[in-house]
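Beneath this line is the structure, given in structure tokens, with notes to follow.
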Amino acid sequence: MKALVKTETINEFKVEEKPKPSLEKDEVLIKVEYCGVCGSDLHAANHAKGYEFVPKPIVLGHELSGYIIEMHEDSNKKHLLNSRVVVEPGIYCNECEQCLNGQRNICSNIKIFGLHCDGGMAEFVKVKENQIHQIPETLPSNLAAMTEPLSVALNAVGKVGNSIKNQNVLVQGCGIIGLFVAITAKSYGANVTISGLEKDWEHRLRHAKSFGIETEIVEDTSPKMKDFDFLFECSGSSIAAETGMFRLKKGGTSVLVALYEQDVKFPVNMMVRGEINVLSSYGFKSSDFQQAFVILDKYKELLKNIISIYPLVDGAIAFSDANQQKVLKSIIKMN
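Heads up: the sequence shown begins at 57 in the working numbering, then just goes up one per residue.
Shown next, in the form of structure tokens:
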């Protein structure tokens, strides 16, 4: 089978022939249709700080959609054969304190499919039966490949839930996670603004307008709303994380969603005096996948405009365009 292999060299990719996976107990074989390029994939390709654990070479990718073409002979779920599915990429131990408490997203021994081991940027992949979610018939496979990042957004907004209804919310960062957080917050009834840099407008930030979300240019010196009730930090910029605290009302809440390559120096005295609440959100819950399907299906006509599809042979270009922020969402098509 063909696979997009990240080599030992920074940002170098090669399409190579690899053996087709053979199944073990409780595993299914998926013929991959689409696989999204995630921010984590970009960090891994850049050999970024915090991603030293990623082996090299590796087949990246965990935002995939495809259909099951083979199941282990002992499977009791043969009815799923030929079903279209997405993959929940977390591989959990189910034994640690966090797993036993229902917090599998922060499993003490978590492994991520496509980061700790070969992932979805290949013609075929094998995963455990308990990692798959069936795609609704009405949802196209190219959009279904965004189920996992939308689940990340749903988990983040779920940290504060209905308390954001009719409240002013600022989302910092207009990548796919930021946009999905903004869309999710709006679905809770919040008054949402999403911010980005001037350079983000053409390819990223402008799309928020289509979803009825207000936008803000960071460099714009005209008066801005200063007092937000909630802030979702999705930019990954340490400066944005620090300065964002000054956009909150006293008693406001910041939810940290991004990961940072640089150290973040929060204005702690101001935060203490203003009783600023700080929460963090990582990954998703399994139940978020079903809600993600609903939102993707609801907005599928608009979402078609935010994706850019690349054939497998142009996988390196998909990464380059995503890295340079020339597109909002790169998705690689395997066939």
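We treat Cβ as the ideally placed atom computed from N, Cα and C, and that holds for glycine.
Just measuring C-alpha positions, the residue of SER251, ILE191, TYR338 and THR299 sitting nearest ASN211 is TYR338. Residue state for CYS155 is assigned as helix, using DSSP reduced to three classes.
Between the stretch 270 to 277 and the stretch 247 to 258 there are three or more inter-stretch CB-CB distances shorter than 8 Å, so the stretches are counted as touching.
A check of alpha carbon separations from GLU258 across THR63, MET390, LYS382 and LEU98 identifies LYS382 as the nearest. Judged by their CB atoms, ASN247 and ASN224 are nearer to each other than the 8 Å cut-off. Apart from the 5 residues on each side of it in sequence, GLY300 sits with its Cβ closer than 7 Å to the Cβ of GLN228, LEU287, GLU289 and SER310 in its chain, given in chain order. In chain order, HIS118, VAL143, PRO145, ILE147, GLY175 and VAL183 place their CB closer than 7 Å to the CB of PHE169, counting only its own chain and leaving out the 5 sequence neighbours on each side. When the five nearest sequence neighbours on each side are left out, the beta carbons in the same chain lying within less than 6 Å of the beta carbon of ILE239 are those of PHE267, in order along the chain.
If you draw a straight line from the Cα of GLY92 to the Cα of THR203, it is about 10 Å long. Nearest Cα to ALA201 within the set THR194, ASP283 and VAL141: VAL141. The DSSP assignment places 247 to 252, 270 to 273, 284 to 289 and 304 to 312 as complete runs of the beta strand (DSSP E) inside the stretch 245 to 323, in order along the chain (cut-off: 3 residues). DSSP assignment within the stretch 122 to 169 yields the following whole beta strand (DSSP E) runs of 3 residues or more, N-terminal first: 140 to 143. Exclusion of the five residues before and after ASP276 leaves no residue of its chain whose Cβ lies closer than 6 Å to its Cβ. In the DSSP assignment, LYS87 forms a beta bridge with TYR123 and PHE180. When secondary structure is reduced to three states using DSSP, PHE69 falls in the strand class. SER342 is the residue among SER342, LYS58, ILE388 and ALA104 whose C-alpha sits nearest the C-alpha of VAL208. DSSP places ASN379 in the uninterrupted alpha helix (DSSP H) bounded by 371 to 379. Taking C-beta atoms as the reference points, ALA178 and CYS230 fail to come closer than 8 Å. With a contact defined as Cβ atoms closer than 8 Å, PHE302 and LEU195 miss out at about 40 Å. Between SER219 and PHE236, the alpha-carbon positions lie close to 18 Å from each other. The Cβ atoms of ASP377 and SER364 lie closer than 8 Å to each other. The closest CA to that of ARG262, considering only GLY234, ILE351 and SER294, is found on GLY234. Judged by pairs of C-beta atoms under 8 Å, the stretch 311 to 326 does not touch the stretch 126 to 140, as fewer than three such pairs exist. Ranked by how close their Cα comes to the Cα of LEU171, the residues LYS360, HIS99 and GLN154 have HIS99 in first place.
For ILE220, the secondary structure class from DSSP, reduced to helix, strand or coil, is helix.
The beta carbon of ASP283 lies closer than 6 Å to those of LYS305 in the same chain, with the five residues before and after it left out.
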